[in-house]
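First the structure, in the form of structure tokens, and then the observations on it.
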Amino acid sequence: MSKAVADAPPRLAPGKGRVLGQPVARLEDGPLVRGRGLFAADVNFPRQLAMRVVRSQIAHGRLVSLDTAEARALPGVVAVWTAAEVSDIPPIPFRATKVRGLEPYCQPILARERVRYVGEPIAVVFAEDAYIAEDAADLVVAEIDELPVVLDAAAEPAEFLPGNSTEPTIVRKEYGDVDAAFRAAHAVIELDLSVGRHSGVPMETRGAIARYVAAHDVLELHGTAKKQHWNRDEIARLLGRPPTGVHLFEGHVGGGFGVRGELYPEDLLVCLAAMRLDRPVKWIEDRREHLVATNHSRQQRHLIRGAVDADGRLLAIDDVFFHDQGAYVRTHGARVADLAAGMLPGPYRLPAYRVAGHFRLTNKTPAATYRAPGRFETTFVRERLMDAIAVRLDLDPIELRRRNLVTEAEMPHVRPVDTLGVDVVLDSGDYIGLMDQALAQFGWDAVQRDLTARRAAGDCVGAGLAFFVEKSGLGPSDGVRISIDATGGVELVSGAASVGQGMETALAQICAEALGVDYRRIRVVRGRTDRIEFGNGAHASRVTVMSGSATYHAALAVRGMALDTAAQLLQARPEDLAIEDGQVVRAAAPGVPLIALAEVARQMGPNSPLMRGRTPGLTAERWFYSEHMTYPYGVHLALVRIDRATGEVRVEKYLVANDVGRAVNPMMVEGQMVGGFAQGLGGALFEEFRYDERGQPLSTTFADYLIPTLSEMPAVDVLIAEDAPSPLNPLGVKGAGEGGTNAVGAAIAAAVDDALRRPGAIVSLPILPRTVRRHTEEPT
Amino acid sequence: MKPAAFEYHMPRTVEEAVAILARVAPLDGRVLAGGQTLVPAMALRLARPSHLVDINRVAGFDRLDVRDGMLEIGPCVRHAALDRSAAPGPLGRLLGLVQPHIAHHPIRTRGTFCGSLANADAASEWCLTAVALDARIEARSGRGTRSIPADAFLLGYMTTSLEPDELLVRARLPLLPDDARVGFYEYARRAGDFAQVMALVTYAVRGGVVAAPRIALGGLESRPRRMAGAEAAIVGRVPDALAFRSAADAAADALGPTEDPDYARTLATTAVLRALAAAA
Amino acid sequence: MHDIAFTLNGRPWSLRVEPRRTLVDAIRDDCGATGTHIGCEHGVCGACTILLDGEPVRSCLMFAVQADGRALRTVEGLEKDGALHPLQRAFIDHHALQCGFCTPGFLMLAVGVLERTPNISDEALTDVLSSNLCRCTGYQNIVRAVRAAAEEMAP
Ligand SMILES: Cc1cc2nc3c(=O)[nH]c(=O)nc-3n(C[C@H](O)[C@H](O)[C@H](O)COP(=O)(O)OP(=O)(O)OC[C@H]3O[C@@H](n4cnc5c(N)ncnc54)[C@H](O)[C@@H]3O)c2cc1C
Ligand code: FES
Ligand code: FES
């Protein structure tokens with residue numbers, strides 16, 4: 056269980072606070088609506104060079120030669136590098152879910168003997184500006200002997216390298232007697248289900264700007280996100296520098312969604328070039344590059360079997376899946392496959408479970424995490440199975456779920472599998488209660504009546520639902536330092552990062568609540584390795600849980616220090632004092648300011664007589680540790696209408712119900728749900744990275760990779776429940792980043808089946824119009 | 026995604042424009058109109074013209090007039106200008122139905138009708154409109170001006186009968202008779218996307234039966250075209266569901282080879298049916 | 023190289039540019055107004071939307087030379103005398119941004135349209151706002167914000 060630091064502070068009282076739990080305006084917005092943000096492309100340094108990557112146009116081949124002479128000769132070109140120039144730099148390492156045997160599959164920063172996907176970096180050009188750099192990149196001539204491509208992860212594995220197959224590992228998890236359960240089953244349901252390749256595709260492409268500051272012997276990298284400290288350590292290691300001589304900076308981040316902020320070849324290349332060429336180097340990914348270079352995600356095929364008793368109770372699940380990893384294993388190692396295997400059982404009581412995840416390499420862009428990784432996929436698979444069971448046993452799908460959902464009384468529910476190296480312990484929840492609330496808010500019964508009437512009138516309409524369990528708050532640790540300056544301004548330095556989700560506001564709200572100051576007076580510093588020694592970044596919906604808890608502890612610690620000093624100054628007892636709006640007051644007379652925090656901070660300065668012999672400053676750093684994840688959960692309900700003739704699916708109405716333990720800022724949580732839904736909608740109906748038979752990518756512009764616009768969005772209703780605060784952290788929060796996305800594919804598939812009146816019709820995502828059309832009758 | 030280098034020309038008169046184009050066309054010089062297709066192609070370096078002749082400041086090129094029963098559209102008339110108010114009667118109504126399907130507002134403020142014709146995308150709404158209504162297209166070069174019927178102008182996928190040194194200086198759309206009914210239907214994956222399928226129809230009902238039908242289909246084949254069989258199937262018939270159905274079937278029967286024939290057939294039938302119904 | 027002059031948010035600029043330089047690159051890198059963003063450089067995302075003589079256009083699909091003599095407006099020009107434009111305020115109040123990358127494009131699109139059509143219908147507004155992509159918000163709050171601002175801006 057989680058343990059706090061020695062002076063364990065109490066849990067935050069339930070319910071809304073003065074600022075915590077309130078939909079206050081965000082601190083982030085001011086500069087952003089004025090166009091005064093600092094996104095990667097907005098960072099410029101004098102004398103900077105532009106970097107342009109030359110990428111393979113061939114999906115698989117032997118790199119015979121690279122002719123860079125013409126590119127080098129172009130005026131304005133400073134250098135052109137191929138693998139030979141960077142042979143001293145090792146491939147990009149893993150940071151997560153390291154599985155033995157994956158090392159040969161790591162990506163070199165520039166391709167050596169082989170190219171393995173279209174878009175793989177094979178050379179880099181450095182030039183005076185981005186236009187010239189692109190001209191020069193066009194002049195690099197690559198001679199590549201084409202080799203056969205592997206595009207189907209479910210096909211027989213091939214050779215990756217002599218002695219290494221394209222299946223480096225199989226993720227296996229098992230508990231209970233699966234075979235016996237299948238033998239004893241009343242019915243066995245088997246499905247073959249696929250999820251297409253799509254990804255985060257943030258509106259800001261990646262970017263990296265490096266400069267070497269010789270005056271301080273420091274290498275700086277700007278435009279970073281998500282995992283600054285780990286990336287700093289690795290960049291330092293790979294370039295042979297001490298970590299204290301490398302600093303990463305985060306400005307604004309135009310969406311992360313899992314894909315941005317991992318360590319990519321380009322990050323190392325700009326750093327290396329800044330050192331070697333002794334000029335700042337700027338690289339801004341263009342959109343076409345982004346669609347072939349930045350992590351893809353999601354593509355899996357599952358052959359799932361479920362065993363049930365006569366009442367529809369799950370006895371066992373046996374799943375074999377094929378995970379399409381793409382051409383290399385990147386920083387995430389086998390994480391997505393591991394998450395898929397660990398999270399597939401979801402919210403249901405499952406006596407026996409066996410999974411074999413075939414982790415396979417193909418000649419496509421490498422894949423890794425994207426919002427709700429492994430869960431968007433497996434929720435689709437599991438909920439399709441539940442719907443199929445309901446059909447087989449002629450049970451209402453809601454009743455079937457009711458029978459199988461883990462009940463409140465069974466919490467915490469230990470599932471004898473692990474994921475991300477920690478045991479799955481569903482920490483808290485009232486699953487059935489939330490399902491009932493959601494059905495009521497959606498008006499499920501009325502919707503059913505309405506559907507009947509509309510069908511009678513000829514409409515092709517249907518409704519469906521899907522339940523999900525998320526995971527969030529991955530540990531192991533995060534720290535926050537809070538300091539109050541002599542004007543009463545508060546600075547909160549966090550080891551976490553922002554990816555545009557509003558974390559500054561969330562942390563400020565928590566700090567303000569605990570400390571007794573106006574949240575707008577809090578300046579949140581994040582994503583900077585020069586301001587805090589350690590950090591674990593922003594991913595896996597961990598910031599509010601981990602950094603939020605650390606913030607709470609640190610704020611209480613600062614508050615305690617302030618009250619101690621104030622008590623000394625006021626000749627009072629600290630326990631009789633409180634802080635209100637930045638003023639120390641008597642708890643019994645909160646309206647009467649006695650001394651300002653600013654004054655207390657001044658009195659705690661290094662030259663203050665009060666501090667003699669002590670460490671000065673009204674400042675405290677606290678760390679929060681957690682060994683377990685917390686599991687938010689929810690249910691999605693969808694109402695769809697199908698155009699029988701074109702096969703177009705339109706979502707008319709949607710509800711996301713999600714228990715987040717505690718909503719620090721309900722407005723932002725709701726924003727996460729709706730935005731997350733939009734991404735799920737993309738994966739369910741529109742977005743797909745397609746390839747031709749030679750491995751040429753077909754989705755390389757925004758005209759081919761279809762991100763939903765406003766016109767495709769239904770009205771989305773959100774039910775934020777706070778019924779099951781997490782016992783694992785002092786705030787009770789669970790993280791809210793991924794629940795909006797998780798079950799969209801599953802819920803829409805169920806609704807489409809229902810509209811078509813063909814149970815089990817939908818077996819793959821995205822659901823394409825021409826597929827749907829095959830299941831409808833002739834137009835009338 | 027930065028365009029390759031080119032030389033830029035900004036003629037002020039049509040004569041100047043034609044003269045420059047004559048000089049640079051053999052060097053892969055191109056006309057720049059709204060730029061809403063050409064500039065993306067250049068950003069992707071799919072197009073690398075050595076010269077651009079920017080016609081946006083040529084005097085009179087933004088003229089939009091009705092003359093001699095024709096709507097005359099200059100080469101710098103933007104999509105946005107071609108709304109309901111652009112022409113009297115049914116033609117105006119038709120333009121008002123079609124135009125909102127072209128891309129999005131900030132693209133419609135730049136992209137041009139004539140540029141769409143010159144570009145000849147298989148799913149271009151204006152190309153469909155031009156063939157459906159038998160537009161005349163005027164091309165000017167050092168050799169003089171010729172007028173080309175839309176059907177002879179649009180040769181195939183992104184191919185026209187325009188010579189490299191010819192400037193499209195005007196398109197003329199005939200006004201529709203007052204009793205013309207107009208209908209348009211389009212299915213696209215997302216709002217503003219190029220059409221998967223689209224159909225444009227106009228006909229009159231005279232003496233209770235369909236007269237002068239025009240039925241054009243686009244998005245499925247390499248270029249939009251009028252569907253003679255469909256028109257024949259409906260002319261002289263009472264405009265009812267049965268007649269519409271036979272027109273739709275005839276249109277689908279006439280489809281050339283496509284990637285997914287079953288689906289194409291459905292889309293064709295649907296589009297024609299829905300456009301006819303919209304016009305009724 | 024071409025010598026051009028335009029106004030950006032009312033301020034005159036004279037630049038010497040290569041013909042191929044896109045307008046958005048000139049605005050961002052030559053004028054230093056980095057509020058206008060680049061999301062795709064091929065006309066689909068709308069992050070680069072600015073007003074050209076009052077009309078919303080994609081600044082990635084114009085060359086800087088074409089802006090000679092024109093009046094450009096970008097997000098930096100919305101705030102007047104320290105007071106946010108009603109749309110900027112509405113975006114904050116309605117949580118119409120998360121990462122904020124798409125925000126300047128949406129603001130300029132909406133400003134351009136609302137200045138001409140303050141009483142725009144819901145349907146027309148949906149059509150207009152479908153021109154730009156946002157990956158974070160799911161658009162719902164953007165529509166709410168624009169609606170609220172439209173009411174405030176209506177004469
Ligand atoms: C996101 C997006 C979505 C779009 N969606 C649609 C859509 O749904 N439907 C649709 O029809 N279009 C769509 N378009 C394209 C848009 O309508 C273009 O404006 C149009 O296709 C071309 O017109 P233009 O004036 O921009 O031409 P340009 O881009 O300037 O030119 C296109 C081509 O035509 C040539 N050309 C242009 N004018 C002349 C002339 N007068 N004489 C000789 N040659 C000439 C050019 O040399 C070039 O080869 C879309 C564009 C974008 C960016
Ligand atoms: S950057 Fe101009 S539309 Fe995307
Ligand atoms: S707020 Fe992030 S893209 Fe719109």
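Chains as they are written, first to last, in the working numbering: chain A, 56 to 835; chain B, 26 to 305; chain C, 23 to 177.
Beta carbons: idealized from backbone N, C-alpha and C, even for Gly.
Bear in mind the structure is a predicted one, so any value in this text is a computation, not a measurement.
Contact with chain C is found for Glu-259(A), since one of that chain's Cβ atoms lies less than 7 Å from the residue's Cβ.
Nearest Cα to Lys-282(A) within the set Val-690(A), Ala-551(A), Tyr-160(A), Gly-513(A): Ala-551(A). Along the region 114-143 of chain C, going in chain order, the ones with a CB nearer than 8 Å to a CB of chain A are Ile-114, Asp-115, His-117, Leu-119, Gln-120, Cys-121, Gly-122, Phe-123, Cys-124, Thr-125, Pro-126, Leu-129.
Contact check between the region 209-229 of chain B and the region 134-141 of chain B: fewer than three CB pairs, one atom from each, fall below 8 Å, which does not count as touching. At least one heavy atom of ligand 3 is found less than 6 Å from the C-beta of Arg-157(C).
Here Gln-503(A) is exposed. Its C-beta has fewer than 16 other C-beta atoms within 10 Å. Collapsing the DSSP output to three states places Gly-534(A) in a strand. Distances taken from the Cβ of Thr-137(B) to the heavy atoms of ligand 1 include one shorter than 6 Å. Every alpha helix (DSSP H) stretch that sits fully inside the region 777-821 of chain A and reaches 4 residues is listed by chain position as 794-797, 799-811. In this structure, Pro-100(B) has its CB closer than 6 Å to one or more heavy atoms of ligand 1. Apart from the 5 residues on each side of it in sequence, Gly-815(A) sits with its Cβ closer than 8 Å to the Cβ of Leu-246, Arg-439, Asp-442, Ala-443, Val-446, Asp-808 in its chain, given in chain order. The region 130-143 of chain C makes no contact with the region 707-725 of chain A, as fewer than three CB pairs between them are under 8 Å. Ligand 3 has a heavy atom closer than 6 Å to the beta-carbon of Met-258(A).
Judged by DSSP secondary structure, Cys-326(A) falls within the alpha helix (DSSP H) whose first and last residues are 320-332.
If you draw a straight line from the Cα of Ala-197(A) to the Cα of Arg-167(A), it is about 12 Å long.
When Cβ-Cβ separations below 7 Å define contact, Val-64(B) makes contact with chain C.
Per DSSP, Ile-244(A) is one residue of the beta strand (DSSP E) stretching across 242-250. Under the Cβ distance rule, Gly-735(A) does not count among the residues neighbouring chain C, no pair being separated by less than 7 Å. Residues of chain A with a Cβ closer than 7 Å to the Cβ of Ala-105(C) do not exist; the shortest Cβ-Cβ separation is about 12 Å.
Of the candidates Tyr-172(A), Ala-411(A), Val-773(A), Gly-309(A), Val-773(A) places its Cα closest to the Cα of Leu-494(A). For Asn-350(A), no alpha helix (DSSP H) run applies, since DSSP gives it neither H nor E. Residues Asn-720, Pro-721, Met-722 of the same chain have their beta carbon placed closer than 7 Å to that of Pro-78(A), with the five preceding and five following residues left out of the count. Note: Asp-500(A) is not bridge-paired with any residue in the DSSP secondary-structure output. In the pairwise beta carbon analysis, the region 413-424 of chain A is classified as touching the region 741-756 of chain A: at least three pairs are separated by under 8 Å. Ala-275(B) places its beta carbon less than 7 Å from that of Ala-258(B). Distance between Phe-178(B) and Ser-186(B), taken at the CA atoms: about 5 Å. When the five nearest sequence neighbours on each side are left out, the beta carbons in the same chain lying within less than 8 Å of the beta carbon of Gln-103(A) are those of Ile-264, Arg-266, Arg-334, Pro-335, Val-336, Lys-337, in order along the chain. One alpha carbon belongs to Asp-218(B), the other to Ser-549(A), and they sit about 43 Å apart.
Counting only the Cα atoms, Leu-276(A) lies some 11 Å from Gly-306(A). The region 81-116 of chain A contains, as complete alpha helix (DSSP H) runs of 4+ residues, the segments 84-88 (chain order).
Residues of chain C with a Cβ closer than 8 Å to the Cβ of Glu-559(A) do not exist; the shortest Cβ-Cβ separation is about 12 Å. For Asp-108(B), there is no enclosing alpha helix (DSSP H), as DSSP gives it neither H nor E.
Not flagged as an interface residue toward chain A: Arg-290(B), since no C-beta distance is shorter than 7 Å.
Taking all protein chains in view, the Cβ of Ser-142(A) is surrounded by fewer than 16 other Cβ atoms within 10 Å, so the residue is classified as exposed. The count of Cβ pairs closer than 8 Å, one atom from the region 69-83 of chain A and one from the region 97-105 of chain C, stays below three, leaving the stretches out of contact. Annotated three-state conformation of Leu-529(A) is coil, per DSSP.
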